[in-house]
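Asker: Residue numbers (this note's numbering): 4 to 390.
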Amino acid sequence: MRVLLFTGKGGVGKTSVAAATAVRAAELGHRTMIISTDPAHSLGDSLDLELGQSATQVRQNLWAHEVSALHETERHWQKLHDYATKVFATQGLDDVVAEEVANPPGMDEVASLMWIKHYAERDEHDLLVVDCAPTGETLQLLMFPDAARWWLEKIFPWQRRAMKVARPMLRRMVDVPLPSDEVMASLQDLVLDIEGMKKVLIDTSVTSVRLVLNLEKMVIKEAKRAFTYLSLFGYVTDAVIVNRRLPAKISDPLLRSWSDIQKRYQQEVEQSFQPLPIFQVPLFDEEVVGERMLRKMGQTIYGSADPSQRFYEGSSQRMEKVGSEYILALKVPFADKEAIELSRQDGELFVTLGNYRRDISLPRVLASRQTLGAKIEDGELKIRFGK
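(1) Could you check if Met221 is buried or exposed, using at least 16 other CB atoms within 10 Å of its CB as the buried criterion?
(2) Just to confirm my understanding: we take Val243, look at its own chain, exclude 5 residues before and 5 after, and list those with CB closer than 6 angstroms. What are they?
(3) Residues in its own chain within less than 7 angstroms of Asn64 by CB, not counting five upstream and five downstream?
(4) Thinking just about the alpha-carbon of each residue, which of Ile363, Asp85, Ala22 and Gly389 is nearest to the one in His68?
(5) How many angstroms separate the CA atom of Gly11 from the CA atom of Lys390?
(6) Assign Pro336 to buried or exposed, taking buried as 16 or more other Cβ atoms, counted over all protein chains shown, within 10 Å of its Cβ.
(7) Of the choices Lys299, Met200 and Leu297, whose alpha-carbon is the least far from that of Met118?
(8) Count the other CB atoms, across all protein chains shown, that sit within 10 Å of the CB of Ala225; report buried if there are 16 or more and exposed otherwise.
(9) Along the chain, where does the beta strand (DSSP E) containing Ala1 start, and where does it finish?
(10) So Arg27 is in the alpha helix (DSSP H); what residue range does that whole segment cover?
(11) Measure the alpha-carbon distance for Trp66 versus Tyr122 and round it to whole angstroms.
(12) Extract the residue ranges of the beta strand (DSSP E) inside the segment 288 to 347, only unbroken runs of 3 or more that lie entirely within it.
(13) So Phe276 is in the alpha helix (DSSP H); what residue range does that whole segment cover?
(14) Using DSSP with H/G/I as helix, E/B as strand and the rest coil, what is Arg125?
(15) Give the single residue among Ala377, Val26, Leu142 and Phe9 whose Cα lies nearest to the Cα of Thr231.
(16) Just the C-alpha distance for Thr303 and Leu50, rounded to the nearest angstrom, thanks.
(17) Flag this pair as yes or no: are the beta carbons of Leu384 and Val354 separated by less than 9 angstroms?
(18) Can we say the segment 38 to 57 touches the segment 311 to 328, given the rule of at least three CB pairs closer than 8 angstroms?
(19) How would you call Glu294, buried or exposed, if buried means at least 16 neighbouring beta carbons within 10 angstroms?
(20) Starting from Gly376, follow the beta strand (DSSP E) in both directions and report where the run begins and ends.
(21) To which residues of the same chain is Leu204 closer than 6 angstroms at the C-beta, ignoring the five residues directly before and after it?
(22) Using alpha carbons as the reference points, say which of Val239, Lys299, Val6 and Cys135 lies closest to Glu124.
(23) Just to confirm, is the Cβ distance from Ser19 to Val70 under 9 angstroms?
(24) Could you spell out the range, first to last residue, of the alpha helix (DSSP H) harbouring Thr231?
(25) Taking the straight line between their C-alpha atoms, what separation do you get for Phe236 and Leu130?
(26) What are the boundary residues of the alpha helix (DSSP H) that includes Gly47?
(27) Take Lys340 as the anchor and find which of Tyr305, Ser346, Lys378 and Tyr315 has the nearest alpha-carbon.
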């Protein structure tokens, strides 16, 4: 099964582009499921349908699912939620308030993304199209599995053993309910689920990200940052989709001015995102709502191409031997060396870029060697290892 993640700055039309892709793929005979993990849930509006908490068949070969984050959180992690509610209630919070704050920030969206793992394991569809949240939220969610894996491997075993030993004594000393073995097991299951989701997402033979943007300065800057962070964490972007492109020839002075601005930014997009293919979507003369207009948009975007194909297959990470040294190369387009920090601990390499940090488990051949230096060259962070 192929998985396509669509993201972009809020308001660029990513839901419409994702829905148009799904409609076009279904039209070509692919059994296609489109899901929305965006809390705004505008997928149903785009399709002009009422969508429920379960999958709805839209037409032949096409199903849609607007995931209820609250429902998914309760379904997957009820024990964790119940424990957190008890903790807050013992601190004097009203029961209703305790119930509400028991969901940690971001957990609703994580629960929604679990459907990617769910549909991949069931393998009942040829293509899964995911209408993600706006770029910032999507990046935080996609980086979360790395932090979860590190916690599971490094901290959780010690924490669980310490809790078993200390629980009898702590019960007499504190008035807060302590997590039971059942709660700790649920926590471990949660992290393992997230790790399973990550395996699907970073499998480049399965998953690709597609960035949707408009030809505006702020939108392009955010798309470039997203491309950098996605590459750093091993996610492959296989296409950029420019939405709402104005015609080249316009008689109206105001629109002609905007068309000239778009031409200038189009050149920047082409220079910045090469060698990725860049698809153009015009500003249509009516709203893109409903299957008819989505079909028109999908045909306009992809033409004779199959939207489920991989339009770019570059690797975000590679290793090579040069003389007696090894070089680990990570794709970090648009990044400056000054913005990157490197650190090591045991067999882990930590790469910090802006507000994000990636934890890379080094292969044995690199873990036994020293870090000799790093440089950015041709959009890659090249880290040298040697004796």
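We put the beta carbon where it would ideally sit given N, CA and C, even for glycine. All figures in this text were calculated on a predicted structure; none of them were measured in a lab.
Answerer: The relevant details are as follows:
(1) exposed
(2) Only Leu214, Phe276, Leu279 and Ile281 meet the Cβ criterion.
(3) Ala29, Gly32, His33, Arg34 and Thr35
(4) The option with the nearest alpha carbon to His68 is Ala22.
(5) In this structure, the CA atom of Gly11 is about 43 angstroms from the CA atom of Lys390.
(6) buried
(7) It is Trp, not Met, that sits at residue 118 in the sequence shown. Answer by Cα proximity: Met200.
(8) Ala is not the amino acid found at residue 225; the sequence shown has Glu there. Classification for Glu225: buried.
(9) The chain is shown from 4 up to 390; residue 1 falls before or after that span and cannot be answered.
(10) Lys17 to Glu30
(11) 12 angstroms
(12) 320 to 325 and 328 to 334
(13) Counting along the chain, the alpha helix (DSSP H) containing Phe276 begins and ends at Pro256 to Phe276.
(14) helix
(15) When each option's Cα is compared against that of Thr231, the closest is Leu142.
(16) 17 angstroms
(17) yes
(18) no
(19) buried
(20) Gln373 to Glu380
(21) Thr210
(22) With distances taken between Cα atoms, Glu124 lies closest to Val6.
(23) no
(24) Lys220 to Leu235
(25) 23 angstroms
(26) Leu46 to Leu50
(27) Lys378
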